[in-house]
Amino acid sequence: MPMLFLCQEIGSLKKPSWLLDYVKHNKVSEEDKERARNDAAYINIRLLEDIGLDVVYDGEVRRVEMYEYPIRYAKGFIFAGEVRSFDNKYYKKARCVAKVALKNNYHLNEFLFVKTHARKDVKIPITGPYTLADWSYNEFYNSKEEFVMDIAREMIRPLIQDLVNHGARIIQIDEPAMTTHPSEMRIAVDAINECTKGIDAKFVVHICYSGNEYRALIPYAMDINAQQFALEFANRDTWNLGLDDDSRRGYKVLKEFKEYGYSKEIGLGVVDVHVDDIESPELVRDRIVYAANILGAENIYVNPDCGLRTRSRSIAVEKLRVMVKGAELARKAFS
Numbered sequence: 016m017p018m019l020f021l022c023q024e025i026g027s028l029k030k031p032s033w034l035l036d037y038v039k040h041n042k043v044s045e046e047d048k049e050r051a052r053n054d055a056a057y058i059n060i061r062l063l064e065d066i067g068l069d070v071v072y073d074g075e076v077r078r079v080e081m082y083e084y085p086i087r088y089a090k091g092f093i094f095a096g097e098v099r100s101f102d103n104k105y106y107k108k109a110r111c112v113a114k115v116a117l118k119n120n121y122h123l124n125e126f127l128f129v130k131t132h133a134r135k136d137v138k139i140p141i142t143g144p145y146t147l148a149d150w151s152y153n154e155f156y157n158s159k160e161e162f163v164m165d166i167a168r169e170m171i172r173p174l175i176q177d178l179v180n181h182g183a184r185i186i187q188i189d190e191p192a193m194t195t196h197p198s199e200m201r202i203a204v205d206a207i208n209e210c211t212k213g214i215d216a217k218f219v220v221h222i223c224y225s226g227n228e229y230r231a232l233i234p235y236a237m238d239i240n241a242q243q244f245a246l247e248f249a250n251r252d253t254w255n256l257g258l259d260d261d262s263r264r265g266y267k268v269l270k271e272f273k274e275y276g277y278s279k280e281i282g283l284g285v286v287d288v289h290v291d292d293i294e295s296p297e298l299v300r301d302r303i304v305y306a307a308n309i310l311g312a313e314n315i316y317v318n319p320d321c322g323l324r325t326r327s328r329s330i331a332v333e334k335l336r337v338m339v340k341g342a343e344l345a346r347k348a349f350s
């Protein structure tokens, strides 16, 4: 029987200060900066594996921001200025002024490095087509649907296909904007299906901080070409131990997934990435067991709510450690 409750990260870790200082230094060559990024990526891979994660990446150590970074490598966009994101940081928002196309595979080199050095399974996160469109100004396409679908066809699909051609087997499509406009869910669904159809890989869709607790997603989840949805739950749950609905109110919506016939995997968010308080392994265990009792233990993967870049590295490491310990306790509960 395969091991239950495999542990994974969602993507980002806070970049080490030494790396940020080094790459900003004008007198450092680009070759040396790339060596430094390689060192940081290697450290993150080993760190995540040593903590006990079963599926890893490099903490997105080479990336600037989940929107700005891919847009840099796409034709048809011009950066307009900076906007504030939820964690009081800023990113450059772009205007789409011409037909979208992929310049080059902006994730290939980082993926090949991780693939070479990782001992565990590798899951590469990429930003999805709906979010890229939703966070841009559309000044070219006649409709948002046309804009989203062209990003899916002309940018994200060739990116995914090239990654798979180079050995990618698990691809996480990040779509934080997907449920923010419930009336546009069909567009988002069609876009994911367009950029993944016919490609031989396992697809995970990550959506976080849905204002309606994923009720916009639930009716469409089984129609999306993805084997897993990695979702956030911990931030709205209580810190009380227990398996009753009140204690596990953050996960109660999983019953609605079940009622709609949901039978895919869930990447279960079990630690809150927006607070420094550290969950206990027993709390993580109860969250996993509660979800497993609803959807089946074989369908539960374990992860933080979202990427951990908003937390210090020491806090992020401790949250991942208790996540792994909680998964071990949950396995014992099902043994």
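Residue numbers (this note's numbering): 16 to 350.
By construction, the Cβ of each residue, glycine as well, lies at the ideal position given by its N, Cα and C atoms.
No experiment lies behind these values; they were computed from the predicted model shown.
Residue i versus residue j: straight-line alpha-carbon distance, rounded
i: S27; j: Y105; result: 16 Å
i: Y266; j: D252; result: 7 Å
i: F218; j: Y316; result: 14 Å
i: Y330; j: R99; result: Before going on, a small fix: residue 330 reads as Ile here, not Tyr. The straight-line gap from Cα to Cα measures roughly 24 Å.
i: T5; j: L35; result: The question about residue 5 has no answer, for the chain in this structure spans 16 to 350.
i: K4; j: I93; result: The structure shown does not extend to residue 4, since the chain spans only 16 to 350, so no value can be given for it.
i: A192; j: E209; result: 18 Å
i: R134; j: L68; result: 11 Å
i: A116; j: E169; result: 5 Å
i: E125; j: K138; result: 12 Å
i: I166; j: D259; result: 43 Å
i: M16; j: I233; result: 29 Å
i: D238; j: F20; result: 24 Å
i: H221; j: E154; result: 28 Å
i: S32; j: Y84; result: 20 Å
i: N112; j: G91; result: The identity of residue 112 in the sequence shown is Val, whereas the question assumes Asn. If you take the alpha carbons of V112 and G91, they lie about 6 Å apart.
Proximity to residue i [Cα-Cα], best of the options
i: R264; options: P234, R230, R302 and V288; result: R302
i: E343; options: I309, K334 and E297; result: E297
i: K273; options: N308, Y224, D69 and D47; result: N308
i: V332; options: Y305, E294 and G182; result: E294
i: Y88; options: R78, D320 and G311; result: R78
i: Y72; options: A56, I202, Y82 and I66; result: A56
i: K30; options: E46, Q23, N53 and L21; result: N53
i: G213; options: I202, Q176, H221 and Y229; result: Q176
i: H289; options: E313, G276, D320 and N314; result: D320
i: D149; options: N250, G74 and I86; result: I86
i: N314; options: I281, E45 and N120; result: I281
i: V299; options: I233, V339, E199 and R326; result: V339
Reduced DSSP secondary structure (H/G/I, E/B, other) of residue i
i: N308; result: helix
i: C111; result: strand
i: A167; result: helix
i: H132; result: helix
i: G284; result: strand
i: C22; result: strand
i: V179; result: helix
i: E190; result: coil
i: I239; result: coil
i: A116; result: strand
i: P140; result: strand
i: L127; result: helix
i: N314; result: helix
i: L323; result: strand
i: L35; result: helix
i: F218; result: strand
i: Y145; result: helix
i: L232; result: coil
i: N153; result: strand
Whole-Å CB distance - residue i paired with residue j, under 8 Å assumed
i: E247; j: Y224; result: 6 Å
i: K279; j: A236; result: 7 Å
i: T131; j: Y82; result: That pair is no contact at about 28 Å.
### Start-end ranges of the alpha helix (DSSP H) lying completely within the stretch 244-297, minimum 4 residues
269-274
### Query
Where in the stretch 41-113 do unbroken runs of the alpha helix (DSSP H), each at least 4 residues long, occur, reported from the N-terminal end onward?
45-66 and 83-87
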